[in-house]
Every structure is written in structure tokens, then in C-alpha cells.
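Asker: Below is one structure. I have some questions about it.
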Amino acid sequence: MTEEMKIDELPGVGPATAEKLREAGYSDLMTIAVESPKNLAEMAEIGEATANKIINLAKREADIGNFETGDALLERRKAVGKLTSGVKALDELLGGGFESQAIIELYGEFGSGKTQIAHQLAVNVQLPEDQGGLGGHALMIDTENTFRPERIVQIAGALDLDPQEALTNVHVARAFNSHHQMLLMDRAKALAKEFPVKLLIVDSLTAHFRAEYIGRGALAERQQKLNRHMHDLQRFADLNNAVILVTNQVSAKPDAFFGDPTRPIGGHIVGHTATFRIYMRKSKGGKRICRLVDSPSLPDGEAVVTLCEEGVRD
Ligand code: GTP
Ligand code: MG
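According to the working numbering, the sequence shown holds residues 146 to 459 in order.
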């Protein structure tokens, strides 16, 4: 496939408009190609007719993907790796572990263990394949400042890995708002050219979006942005044969749209793009119950995990 055109190279888009588009979050032609003229006009402060023209050009030039033959797809499926959680019951629930080329969403209330599992996987991914790892590095987009290097040291030590080395194989970026969070995907793509990145974590996927887009009026835009972000993540997963782990809180307070307090934020947009969804809830002590929810190919079921000093265990 040919290198993609840049936004500035679209005929009729001057540098000022290109800048406005980028500021509004349109990072590549694809994001413009799938936009509606009305939204694009509003976001970039241009006329709707111009927006329409730009979208049509972007549609023609964007790398919108292609048809693949069944055998090529099978070949790609064969490369799918399974990353162990370190918990037998949870691995079994997922058909052998956290799949690469897939997005796995962990959702649940505060303290349910989402961030703990993220830390555990950031270490496990470094293990060789015969030990359930993927022999790669982990990237983490940390939106809530909950990454703790000390936890990596503890978890790595418990697996007999060199803690210092384990730390150098985890790359963490803070994201200060949803726009920043999406921009960091560009850095992630660049890093994946330098290191064999096999796990990308976004913890939390939805917190910034939820805080920034408040009320019914902002819902459409929030869902659109989230949708774009999810597709970016899926592309990263496919390109790097990597596991994507995203976390999501359930809305404790009724949301403008998704009133049910046990519904994950982002509703169907996140749900339909994630390949696996795991609902986590608290049980006694350090025990947590993980429930696999609407998986396309696996039976629904539950696994119990224990959060402890060493990480996540049976
Ligand atoms: P939010 O991000 O607030 O939505 O929660 P979360 O789902 O990410 O929860 P998190 O993974 O941070 O879980 C926090 C829980 O993990 C704590 O309440 C503890 O039960 C447990 N935990 C964290 N660190 C340790 C540790 O070092 N030892 C033990 N035993 N438990 C720990
Ligand atoms: Mg957390």
C-alpha cells in the first residue's frame, strides 16, 4: 500500500485549515473521510460546502483498507498470540489468555482490580512465549496517574524477572486530556518501530472523555471521538500483532444517556469495538470476580482472581 497523503496535501486545504483540522483532532485522512460535512464544518470553522469537498477528497485518498482473501486472513489469525494473565481460571475463560490483534476491555467499579491486572500484564508480556508471554515490551497510556513502578518491581520479582530490566521494558505516558490521549497514539506507533511492543494499555480509556463531554448535547461528539480512538487502537493491534488492554469504569452516577449504574461508560461504541469484555466486581478480601461478557466465540463465564502483593493470582 502506498504512503498516505497528508492533510496539508489535499487540494484546496491551506496550511491554516490543515492546522485547524489537526487541532480539532483530525490526525489523518481516514478520520476526515468518515466524518459528516456538518461536523467537520463546525470543528474546523469552515463552510459546509468546503467541508464536503474535503471529505470527498479524503475518501478518495485515505487508506481505507482493502479486501483480503480468506487464506491471508487465516495466515494472520495463525499469528495470534495468547498472553497469560498468570491466573489459570482467567486464561481459560479467555480461551488461553489475552489475545493479540484484539482489544480487551476491563470494566468495573473503582478498586475492582483493573489497574492491577494492567500492571501484571505489563510484566507478563515480557516473558518468553513458552512461559505464556509474548517476549515484548508494554506501552501504557496512563490517564489517571495510577501507574506505579514499585508494583512492576514487586510483580517482576515474584516471577523471578530482573526488576530493573522489567522496568525498562514498560513505557509509560501520562495523558492530560482526551485529545492528548489520542495524540499519544502517534508516539505509540513510532515507539513500536523501535521496540517489539506486544501490549498497549489505555488506563483509563474513558475517564477523560467522560469528564470533558458532559450532558446529552456532547454525547454524539464524545462517541465519535471514542470510536475514532478505538479504531486507532485496533489498527495498532493488527499492525503489531499486539494485545490492547483498555479499562473502563462503570458509571456510579446515572450518565446523561446510559443511566444504568452497571453499564460501562462509552456504551455500545466501546462494546462493539472491543473483542473481549470482562466485567470485574469485588468479592471478599482481595478476591475479584471476572465475568466474560458477550464474546463472539467463547461461552460466557466467570473466573475468580486474587489481588495480592505479588500481583494477580488464582
Ligand atoms: P479504579 O481505577 O479506581 O476504577 O479502580 P481499579 O479497578 O483500577 O482498581 P485497582 O486495580 O487499582 O485495585 C485496587 C485494589 O488492588 C486495592 O483495593 C487492593 O485491594 C489491591 N491492591 C493494590 N495493590 C496491592 C498490593 O500491593 N497488595 C495487595 N494485597 N493488594 C493490592
Ligand atoms: Mg485503575
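Ideal Cβ positions, reconstructed from N, Cα and C, are used throughout, including at glycine. Because the structure is a prediction, the values reported are computed rather than measured.
To which residues of the same chain is ALA196 closer than 6 angstroms at the C-beta, ignoring the five residues directly before and after it?
Answerer: The sequence position of residue 196 within the sequence shown is 51, counting from 1. Cβ within range, chain order: PRO182, LEU185, ALA186.
Asker: Can you look up PHE340 in the DSSP assignment and give me helix, strand or coil?
Answerer: As a first step, residue 340 is located in the sequence shown; it is residue number 195 there, counting from the start. PHE340 falls in the coil class under three-state DSSP.
Asker: Counting only the same chain and skipping the five closest in sequence on each side, list residues whose C-beta sits under 6 angstroms from that of VAL438.
Answerer: Counting from one through the sequence shown, the residue named residue 438 turns up at place 293. Counting only Cβ-Cβ distances below 6 angstroms, and skipping sequence neighbours, we find ARG422, TYR424.
Asker: Please go through the same chain and pick out, in chain order, the residues whose beta-carbon is closer than 7 angstroms to the beta-carbon of LEU235, but skip the five residues on each side of it.
Answerer: As a position in the sequence shown, residue 235 is number 90, starting the count at 1. Cβ within range, chain order: CYS435, ALA448, VAL450.
Asker: Could you have a look at LEU437 and say whether DSSP puts it in helix, strand or coil?
Answerer: Within the sequence shown, the letter at position 292 stands for residue 437. Here LEU437 sits in strand by DSSP.
Asker: Only counting the same chain, and skipping five residues up and downstream in sequence, which positions put a Cβ closer than 7 angstroms to that of ARG355?
Answerer: As a first step, residue 355 must be located in the sequence shown, where it is residue number 210. For ARG355, where only same-chain residues beyond five positions count, the Cβ hits under 7 angstroms are ILE410.
Asker: Name the two residues that bound the continuous beta strand (DSSP E) containing GLY446.
Answerer: Counting from 1 along the sequence shown, the entry for residue 446 is found at position 301. From DSSP, the beta strand (DSSP E) with GLY446 extends over 446-453.
Asker: In this structure, how does DSSP classify ASN322 when only helix, strand and coil are distinguished?
Answerer: In the sequence shown, residue 322 corresponds to position 177, counting from 1. Reduced to three states, the DSSP call for ASN322 is coil.
Asker: I'd like the list of long-range same chain contacts for LEU371, defined as Cβ closer than 6 angstroms, with 5 residues on each side in sequence excluded.
Answerer: Position 226 of the sequence shown holds residue 371. Closer than 6 angstroms at the Cβ level, and outside the excluded window around LEU371, lie PHE354, GLY411, ILE414.
Asker: Please classify LEU251 as buried or exposed, where buried requires at least 16 neighbouring CB atoms within 10 angstroms.
Answerer: Position 106 of the sequence shown, counted from the start, is the residue given in the question as residue 251. The residue is buried, with at least 16 neighbouring Cβ atoms inside 10 Å.
Asker: Less than 8 angstroms between the beta carbons of GLU289 and ASP348, yes or no?
Answerer: Here residue 289 is taken as the residue at index 144 of the sequence shown, counted from 1. Here residue 348 is taken as the residue at index 203 of the sequence shown, counted from 1. Yes, these two residues count as a Cβ contact at 8 angstroms.
Asker: Tell me whether ALA161 sits in a helix, a strand or coil according to DSSP, three-state version.
Answerer: Within the sequence shown, numbered from 1, the residue matching residue 161 stands at position 16. Here ALA161 sits in helix by DSSP.
Asker: Does the pairing of the region 295-305 with the region 332-339 give three or more beta-carbon distances under 8 angstroms?
Answerer: With the cut-off at 8 angstroms, the region 295-305 and the region 332-339 do not touch.
Asker: Give, in chain order, every unbroken run of the alpha helix (DSSP H) that is at least 4 residues long and sits entirely within the region 255-328.
Answerer: The region 255-328 contains these whole alpha helix (DSSP H) runs: 259-269, 294-303, 308-313.
Asker: Of the residues SER323, ASN322, LEU329, VAL298, which one's Cα is nearest the Cα of VAL315?
Answerer: Residue mapping note: residue 315 aligns to position 170 of the sequence shown, counting from 1. Answer by Cα proximity: VAL298.
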